[in-house]
Amino acid sequence: MSERTPGAVAQAVGPAPVEAPEAAAATSPVSRPAAPLAPRAGLFPALAAVYRAQLSRARVSRIPLLFVATFQSVGIMILMRGVVDGGSEARAVVAGSSVLVVAFVALNLLAQYFGQLRAGGGLDHYATLPVPPASVVLGAAAAYASFTLPGTLVTAVFGCLLFGLPMGGLWILAAVVPLAGAALAGLGAALGLLAPRQELATLAGQLGMSAALLLGVLPPERMPAPIVWARDLLPSTYGVEAFARTFAPHPDWAAVGLDLGVCAAVGVLSLAVATWAYRRAAVR
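Here my numbering is used: position 100 in the sequence shown is 1124, and no number is missing along the way.
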């Protein structure tokens, strides 16, 4: 049996270290203050970031499809040249074929993109980012619509040379392309986000582009009344009408402005619906 007393053992070991109050407070999970979260990104900075990201992503993969859209519109004008000589019908064919490039990219491809994004879980990535939902929809729509201006201009110039139309009003494309692109891009994004399956989103985009082809390129004078009413419901129709009016010897600029105003209003409405559809799809 050891002769050491408890007091001797305590003296040999030394007193137990006493934790400082500051250290105890720092290690206590209850008293540790929560780290502040980063502020939510604003609409326009987030929109610019999404636009640059989508533009760099689609720069390589979408250029061949843009060539296909332009070649398709040029081919349609060549076919229509055999049955249309000139006048208002030629104006409708050239204007409709030019806006068809916008419909192919902004409506068809964007519907497929958002349908694929929803099916593949890509919306979860955007949902974790501190960006407003509107910036995601607007950034993607603006990036896709940006690719349509060169193809639309090439199609319009070729159509003017083919049908002998004046080129003095081609500057109106600077307003027609973004406004019609916004309306069609919002519609394409909404179709892709609301479709329950990716295949249905692709089908909806194809049907929308076919409607823009049949109702926008064909002269309205040769259509029955129900088809003309359906044509008035298509957002791209007002961009086609605004562009076609500029080929007249004395364009009615008030009517052109009214058509562009309707196109802008439809664009705001369609993008708002697409933003709501994005919120709806992101929380599921």
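The beta carbon of each residue, even a glycine, is placed where N, CA and C say it ideally should be.
Pick from the options that is closest to residue i, judged by C-alpha positions
i, options, result
"GLU1265", "GLU1113, LEU1215, ARG1076", "GLU1113"
"TYR1262", "GLY1110, LEU1208, ARG1304, ALA1165", "LEU1208"
"GLY1205", "LEU1071, ALA1289, ALA1254, ILE1100", "ALA1289"
"ALA1301", "GLY1232, ARG1105, VAL1160, GLN1230", "VAL1160"
"ALA1235", "LEU1103, LEU1079, LEU1211", "LEU1211"
"GLN1140", "ALA1213, ILE1196, TRP1195", "ALA1213"
"MET1233", "PRO1069, LEU1089, VAL1125", "VAL1125"
"ALA1072", "PHE1267, LEU1162, CYS1184", "LEU1162"
"TYR1150", "LEU1090, ALA1070, ALA1127, GLY1291", "ALA1070"
Straight-line gap, residue i to residue j (C-alpha atoms, nearest Å)
i, j, result
"THR1226", "PHE1271", "35 angstroms"
"PRO1273", "VAL1108", "19 angstroms"
"ALA1306", "LEU1293", "20 angstroms"
"ILE1196", "THR1094", "19 angstroms"
"MET1101", "PRO1275", "23 angstroms"
"PRO1248", "LEU1131", "26 angstroms"
"PHE1182", "VAL1098", "7 angstroms"
"PRO1045", "VAL1155", "Because PRO1045 carries a pLDDT of 48, less than 50, the predicted location of this residue cannot be relied on, and the following value inherits that uncertainty. Going by the C-alpha atoms only, they are around 41 angstroms apart."
"VAL1092", "LEU1238", "18 angstroms"
"LEU1079", "ARG1246", "40 angstroms"
"LEU1153", "GLY1146", "12 angstroms"
"CYS1287", "ARG1255", "13 angstroms"
"PRO1250", "PHE1068", "42 angstroms"
"TRP1277", "MET1191", "16 angstroms"
"PRO1088", "VAL1280", "32 angstroms"
"LEU1282", "ASP1148", "40 angstroms"
"SER1170", "GLY1291", "15 angstroms"
"LEU1257", "CYS1184", "27 angstroms"
"LEU1090", "ALA1127", "11 angstroms"
"PHE1138", "ALA1198", "26 angstroms"
"PHE1267", "GLY1144", "39 angstroms"
"ALA1050", "ARG1142", "Confidence at ALA1050 is low in this model, with a pLDDT of 49, below 50, so the placement of that residue is unreliable and no value is reported for it."
Presumed contact (8 angstroms Cβ cut-off) between residue i and residue j, rounded CB distance
i, j, result
"VAL1123", "VAL1200", "7 angstroms"
"VAL1241", "GLY1111", "Actually they are not in contact, since the Cβ atoms of VAL1241 and GLY1111 sit about 16 angstroms apart, beyond 8 angstroms."
"THR1172", "VAL1129", "5 angstroms"
"ALA1164", "LEU1295", "About 11 angstroms; that fails the 8 angstroms criterion."
Beta-carbon proximity check, residue i vs residue j, cutoff 8 angstroms
i, j, result
"GLY1229", "GLN1136", "yes"
"TYR1168", "LEU1133", "yes"
"PRO1244", "VAL1252", "yes"
"ARG1303", "PRO1157", "yes"
"LEU1203", "LEU1103", "no"
"ARG1115", "LEU1189", "yes"
"LEU1217", "ALA1298", "yes"
"LEU1186", "ARG1105", "yes"
Residue i beta carbon near the ligand GTP (any heavy atom closer than 7 angstroms)
i, result
"ALA1228", "For the ligand GTP, the structure offers nothing, since it holds no ligand at all."
Chain D within 8 angstroms of residue i, Cβ atoms only
i, result
"VAL1290", "Note that chain D does not occur in the displayed structure, where there is just one protein chain."
Three-pair Cβ contact test at 8 angstroms for the stretch 1170-1189 versus the stretch 1219-1234:
no
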